[in-house]
Amino acid sequence: MLEPKVILKSSLEGREISAIDAIILMQKYHSFAQEIHETANLINKRIHRDVVSFTHSKHISYTNICRYSCRYCSFFRKRNETGSFVLTIDDVLKKIAEIPSINEICIYGAVNTALPFSYYTEMLSQIQKKFPSISIKAFSPLEIFFIAKKSRQSLTEALKKLKECGLTSLFGADADILNDKLRKKICPDKMKTAEWIDIIKTVHNLGIKTSATMLYGHLENEIHIAEHLEILRDIQKKTHGFTEFTPMPFGEHEQRLNILEQLLKRGRREDYFGGEGQIVKISSISRIFFGDIIKNIQANWFRVGLDNAVKSLHSGANDLGETHFDKTAVKNLKPRKEINVTPATLKRVIVKIGKTPRQRKHMGV
Ligand code: SF4
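Residues in the sequence shown are numbered from 1036 upward in steps of one, following this note's numbering.
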């Protein structure tokens, strides 16, 4: 078995580390945390110097009615359940107009199969017409799969039409953790790993970029994480379609957390949970693993908290994520007194730690 120091030296010399190497770094993290952070920081500096980016974006969720019931999810509701909603296109436009200075809009929902294809095309067209300078990031692989299926089109046909209506990029959500045994436990009826990979590749092959995500800190262990990272890296080598990698710690989906408690007790070791140290650990090992293959490692200030995000910026991460979240979608999530920050606030935070802020137009640039 390789020593962590040998793995880190090799990655600093520009060699790609293997999934096994990533597992070793995660397992030996407690003894080598400082070296791992320093290595991730050096690799990050070579790619981004001291520039830290963010996007002035607003998240809008258009519906929470879902045919699925993922066991970690506090967002979904069943049709006619209290709190279920579908926004009209006018509602969506009004929400965008609330912050006219934004560069990007991020639209997502649950898998609401009652909505016709025209709802999506109309929504995108109207946004493009009324806000021509705003990029539109919308829909996850699972949403897009059902949007196509419900309208009896191939995925490619549906995506081409949505792109014509203004779709710029997609969320890389629904990846959760790309291991079918674990998926069976946390999101039993959701798409399998191979299906997620197929959809993402189809999207990328049409020239549409996506983010890449990972939900960690639930039932997974280091092997699952390394497996997940390797799947993303393999896709990226073929398609170059991922704009950023956003690791997301589990624990924010509080409302249904109790459903998972039993599984968690059985499934996790005490030293392995998505706590604060884990956030920096995952961002640093992700940077070492991806190098510049996935250039942007995001420490999303809202998802991990600003303090942890700043720590991650010294350990491999280079992006803070979006400025405005949707209070309807995140009301059960932590952290979380604030759901919005201004670009000026993020710039101040970045300058304070000696780095240079860069406001992106959207994640692809
Ligand atoms: S995670 Fe997505 S697919 Fe699963 S229940 Fe929640 S909204 Fe539905």
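Note that beta-carbon positions come from the ideal geometry of N, C-alpha and C, so glycine has one too.
Outcome for residue i when other beta-carbon atoms lying within 10 angstroms are tallied against a minimum of 16
i       : result
Ile1042 : buried
Gly1389 : exposed
Asp1354 : buried
Lys1316 : buried
Arg1268 : buried
Glu1255 : buried
Asp1056 : buried
Glu1038 : exposed
Asn1386 : For the record, residue 1386 in the displayed sequence is Val; it is not Asn. It is exposed - the Cβ of Val1386 has fewer than 16 other Cβ atoms within 10 Å.
Gln1069 : exposed
Gln1394 : exposed
Pro1176 : buried
Ser1066 : exposed
Gly1049 : exposed
Asp1306 : Residue placement at Asp1306 cannot be trusted, given a pLDDT of 41 that sits under 50; the coordinates are not used to answer.
Arg1304 : The predicted position of Arg1304 is uncertain, since its pLDDT is 43 and thus under 50; no value can be drawn from it.
Ser1084 : Reading off the sequence shown, one finds Arg at residue 1084, where the question assumed Ser. Exposed.
Asp1209 : buried
Lys1184 : exposed
Phe1189 : Note that residue 1189 corresponds to Ser in the displayed sequence, not to Phe. Exposed: under 16 other Cβ atoms inside 10 Å.
Lys1130 : buried
Ser1136 : exposed
Glu1192 : exposed
Ala1334 : buried
Ala1247 : buried
Thr1148 : exposed
Distance between residue j and residue i (C-alpha atoms, nearest Å)
i       : j       : result
Val1146 : Val1376 : 29 Å
Pro1284 : Tyr1251 : 5 Å
Pro1392 : Gly1118 : 39 Å
Lys1113 : Cys1101 : 6 Å
Ala1173 : Leu1205 : 5 Å
Asp1211 : Glu1257 : 15 Å
Gln1062 : His1275 : 29 Å
Arg1081 : Ala1132 : 39 Å
Tyr1103 : Ser1096 : 16 Å
Asn1343 : Ile1140 : 25 Å
Tyr1154 : Ile1323 : 42 Å
Leu1060 : Gln1271 : 22 Å
Lys1330 : Thr1278 : 7 Å
Glu1073 : His1397 : 29 Å
Ala1079 : Ala1261 : Reading off the sequence shown, one finds Asn at residue 1079, where the question assumed Ala. Going by the C-alpha atoms only, they are around 20 Å apart.
Own chain partners of residue i with C-beta closer than 7 Å, once the 5 adjacent residues on each side are dropped
i       : result
Ser1428 : The requested residue 1428 does not occur in the structure, where the chain is confined to residues 1036 to 1400.
Ile1124 : Glu1157, Met1158, Gln1161
Val1345 : Val1384, Ile1388
Ile1134 : Lys1093, His1359
Asn1076 : His1349, Ser1350, Gly1351
Tyr1064 : Ile1071, Lys1316
Gly1201 : Leu1159, Ser1160, Ile1162, Gln1163, Ile1171
Glu1213 : The sequence shown places Leu at residue 1213, not Glu. Around Leu1213: Thr1228, Trp1231, Glu1262, His1263, Ile1266.
Lys1165 : Leu1128
Asp1215 : Lys1227, Thr1228
Segment limits, alpha helix (DSSP H) that includes residue i
i       : result
Met1226 : Met1226 -> no alpha helix (DSSP H), and no H or E assigned at all.
Leu1077 : 1064 to 1083
Glu1192 : 1190 to 1199
Lys1184 : 1176 to 1185
Gln1271 : 1257 to 1274
Thr1380 : 1378 to 1387
Pro1039 : 1039 to 1047
Ile1131 : 1124 to 1132
Proximal residues to residue i (C-beta, below 6 Å), its chain only, five neighbours per side dropped
i       : result
Glu1116 : none
Val1339 : Ile1314
Asp1152 : The question names Asp, but residue 1152 is Phe in the sequence shown. Taken in chain order, the residues that qualify are Ser1186.
His1239 : Thr1274, Gly1276
Gly1144 : Ser1096, Tyr1097, Thr1098
Same chain, Cβ closer than 8 Å to residue i, five either side skipped, listed in chain order
i       : result
Ser1168 : Asn1138
Delimiting residues of the beta strand (DSSP E) encompassing residue i
i       : result
His1091 : 1086 to 1096
Lys1172 : 1170 to 1173
Gln1163 : Counting along the chain, Gln1163 falls outside any beta strand (DSSP E), though it belongs to the alpha helix (DSSP H) covering 1152 to 1165.
Ala1247 : 1244 to 1251
Residue i CB to nearest heavy atom of ligand 2 below 7 Å
i       : result
Tyr1097 : Inclusion of ligand 2 in the displayed structure is not the case, the ligand content consisting of ligand 1 alone.
Q) Does the count of Cβ pairs from the stretch 1351 to 1362 and the stretch 1087 to 1101 closer than 8 Å reach three? A) yes
Q. Does the stretch 1241 to 1255 come within contact of the stretch 1191 to 1210, defined as at least 3 CB pairs closer than 8 Å?
A. yes
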